[in-house]
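Trainee:
Residue numbers (the numbering used here): 1343 to 1638.
1) Since residue 1497 sits in a beta bridge, which residues does DSSP pair it with?
2) Around the Cβ of residue 1530, are there at least 16 other Cβ atoms within 10 angstroms (buried) or fewer (exposed)?
3) From the DSSP output, in three-state form, read off residue 1450 for me.
4) Under 9 Å between the Cβ atoms of residue 1567 and residue 1596?
5) How would you call residue 1599, buried or exposed, if buried means at least 16 neighbouring beta carbons within 10 angstroms?
6) Residue 1557: buried (16+ other C-beta within 10 angstroms of its C-beta) or exposed?
7) Is the beta carbon of residue 1612 sitting closer than 9 Å to the one on residue 1625?
8) If you follow the alpha helix (DSSP H) that residue 1625 is part of, which residue opens it and which one closes it?
9) Output needed for residue 1603: all residues of its chain with C-beta closer than 7 Å, excluding positions within five of it in sequence on either side, in chain order.
10) Take residue 1494 as the anchor and find which of 1469, 1551 and 1415 has the nearest alpha-carbon.
11) So, helix, strand or coil for residue 1388, using DSSP?
12) At least one CB of chain C closer than 9 Å to the CB of residue 1445: is that the case?
13) Which value, in whole angstroms, describes the spacing of the CA atoms of residue 1296 and residue 1469?
14) Excluding five sequence neighbours on each side, which residues of the same chain lie with their C-beta closer than 7 Å to the C-beta of residue 1397?
15) Does residue 1397 come out as helix, strand or coil in the three-state DSSP assignment?
16) How far does the beta strand (DSSP E) with residue 1566 in it extend, from its first residue to its last?
17) Since residue 1537 and residue 1545 are thought to touch, with beta carbons under 8 Å apart, how far apart are those beta carbons, to the nearest angstrom?
18) Report, in whole angstroms, the separation of the C-beta atoms of residue 1521 and residue 1504, which I expect to be a contact under 8 Å.
19) Under 8 Å Cβ to Cβ from residue 1440, same chain only, skipping five residues before and after it: list those, please.
20) For the beta strand (DSSP E) containing residue 1614, list its first residue and its last residue.
21) I need the straight-line Cα distance from residue 1483 to residue 1560, nearest angstrom please.
22) Measuring CA to CA, which of 1400, 1457, 1453 and 1406 is closest to residue 1354?
23) Exposed or buried, which one is residue 1619 when buried takes at least 16 other CB atoms within 10 Å?
24) What residue from 1590, 1419 and 1555 has the CA that sits closest to residue 1481's CA?
25) Between residue 1486 and residue 1524, is the Cβ-Cβ spacing less than 9 Å?
26) Express the C-alpha separation of residue 1464 and residue 1609 in angstroms, rounding to a whole number.
27) At what residue ranges does the segment 1404 to 1445 contain a whole run of the beta strand (DSSP E), taking only runs of 3 or more?
28) Can you give the Cα-Cα distance for residue 1472 and residue 1461, rounded to whole angstroms?
Set out below in structure tokens:
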């Protein structure tokens, strides 16, 4: 009956207000349902017999009581849960969308980090291989220049390493990392000596041999040498200048010197002189033109 339907609508309205449902469609499934016994015809034109009307009224009352009990049960559950937020579904969708976006970002970052670690590993291997190759080349050139400058003997470069990692007992294999470079020299007719035991001239030749080795492996545009030959005798200076001439094909050398042998090996000489007026003057001389000027 209409009265029963109104009662159901009233309960639904109360439920909407308490739950916070703004869309009536969300509770549209709660309506009054009646049943007809099998074999009975449904009332025509809305006319009901008095007995059927009383039976339907009892059914309505039973249905309404069941709805009220269910509503009371839902109210109790709502009190236990502490109420509800009508915006919760929308907030959930927004949070879920944000979560999916951040998850994809995290996955992209993890993939990028893995790719970078792979690149770093490849670079480490490449740099280690390149360093080893360059170091061996420098050591070979150093030995050659040492033998040339000393007119004999032997020399080499060795990497000094330090032990890293846990002990073998811990199950971790230790590794050794380069910590420095040791210069090992043996002048002609002498035993292998420490650099501190060499004379000033010998140390100058060792330094020149190492410098020339580096310049030969990676030639710079120019190189400035400040009185490197000061502690060398005439024979050593001649061998020193021979190497300079060979390396000068790819590097321009600017040499500050007072040694005449070194000066004669230069292409252009610059000098500074001071006259009686205490004024400094810069002089230049191209040695290839000097014989022509002398003939005049």
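Backbone N, C-alpha and C define an ideal beta-carbon position, used for all residues, glycine too.
Mentor: In brief:
1) By one-based count along the chain shown, residue 1497 stands at place 155. Note: residue 1497 sits in a beta bridge opposite 1527.
2) Here residue 1530 is taken as the residue at index 188 of the chain shown, counted from 1. By the 10 Å Cβ count, residue 1530 comes out exposed.
3) Within the chain shown, numbered from 1, the residue matching residue 1450 stands at position 108. Three-state DSSP puts residue 1450 in a helix.
4) Translated into the one-based positions of the chain shown, residue 1567 becomes position 225. Translated into the one-based positions of the chain shown, residue 1596 becomes position 254. Cβ atoms of residue 1567 and residue 1596: closer than 9 Å.
5) Start at 1 with the first residue of the chain shown, and residue 1599 comes out as number 257. Under this definition residue 1599 is a buried residue.
6) Numbered from 1 along the chain shown, position 215 holds the residue referred to as residue 1557. So residue 1557 ends up on the buried side.
7) Translated into the one-based positions of the chain shown, residue 1612 becomes position 270. Translated into the one-based positions of the chain shown, residue 1625 becomes position 283. Yes, Cβ-Cβ distance for residue 1612 and residue 1625 is below 9 Å.
8) Translated into positions along the chain shown, residue 1625 becomes position 283. Here residue 1625 belongs to no alpha helix (DSSP H); instead the beta strand (DSSP E) covers 1622 to 1628.
9) Reading the chain shown from its first residue, position 261 is the one you call residue 1603. Excluding residues within five positions, the ones whose Cβ falls inside 7 Å are 1576, 1579, 1580 and 1583.
10) Residue mapping note: residue 1494 aligns to position 152 of the chain shown, counting from 1. Comparing Cα positions, the closest option is 1551.
11) One-based indexing of the chain shown puts residue 1388 at position 46. Reliability of the predicted coordinates at residue 1388 is poor, the pLDDT of 45 falling under 50, and the value obtained from them is presented with this limitation in mind. Three-state result, residue 1388: coil.
12) In summary, chain C is missing from the structure at hand, where a single protein chain is found.
13) Outside the shown range of the chain, which is 1343 to 1638, sits residue 1296, and nothing can be said about it.
14) Here residue 1397 refers to the residue found at position 55 of the chain shown. Unreliable positioning characterises residue 1397 in this predicted model, as indicated by a pLDDT of 45, which lies under 50. A coordinate reading is not provided.
15) Taking the first residue of the chain shown as 1, we reach residue 1397 at position 55. Note that residue 1397 scores a pLDDT of 45, beneath 50, so its modelled location is shaky and nothing firm can be said.
16) Locating residue 1566 in the chain shown gives position 224, counting from the first residue. Counting along the chain, the beta strand (DSSP E) containing residue 1566 begins and ends at 1564 to 1568.
17) Within the chain shown, numbered from 1, the residue matching residue 1537 stands at position 195. Within the chain shown, numbered from 1, the residue matching residue 1545 stands at position 203. Yes, they are in contact, since the Cβ atoms of residue 1537 and residue 1545 sit about 6 Å apart, within 8 Å.
18) The residue labelled residue 1521 in the question sits at position 179 within the chain shown. The residue labelled residue 1504 in the question sits at position 162 within the chain shown. Confirmed, about 5 Å.
19) Here residue 1440 refers to the residue found at position 98 of the chain shown. Answer for residue 1440: no residue qualifies.
20) Stepping through the chain shown from its first residue, residue 1614 is reached at position 272. Start and end: 1610 to 1616.
21) For the purposes of this step, residue 1483 is taken as residue 141 along the chain shown, with counting starting at 1. For the purposes of this step, residue 1560 is taken as residue 218 along the chain shown, with counting starting at 1. Approximately 12 Å between the Cα atoms of the pair.
22) For the purposes of this step, residue 1354 is identified with residue 12 of the chain shown, where counting begins at 1. For the residues 1400, 1457, 1453 and 1406, the minimum Cα distance to residue 1354 belongs to 1406.
23) To locate residue 1619, count along the chain shown from 1; it is residue 277. The residue in question, residue 1619, is exposed, as its Cβ has fewer than 16 Cβ neighbours within 10 Å.
24) Position 139 of the chain shown, counted from the first residue, corresponds to residue 1481. Cα-wise, what sits closest to residue 1481 is 1555.
25) Here residue 1486 corresponds to residue number 144 of the chain shown, with the count starting at 1. Here residue 1524 corresponds to residue number 182 of the chain shown, with the count starting at 1. Taking 9 Å as the Cβ cut-off, residue 1486 and residue 1524 do not qualify as a contacting pair.
26) Mapped onto the chain shown, residue 1609 falls at position 267. Mapped onto the chain shown, residue 1464 falls at position 122. Taking the straight line from one Cα to the other gives about 47 Å.
27) none
28) Indexing the chain shown from 1 puts residue 1472 at position 130. Indexing the chain shown from 1 puts residue 1461 at position 119. The alpha-carbon atoms of residue 1472 and residue 1461 are separated by roughly 16 Å.
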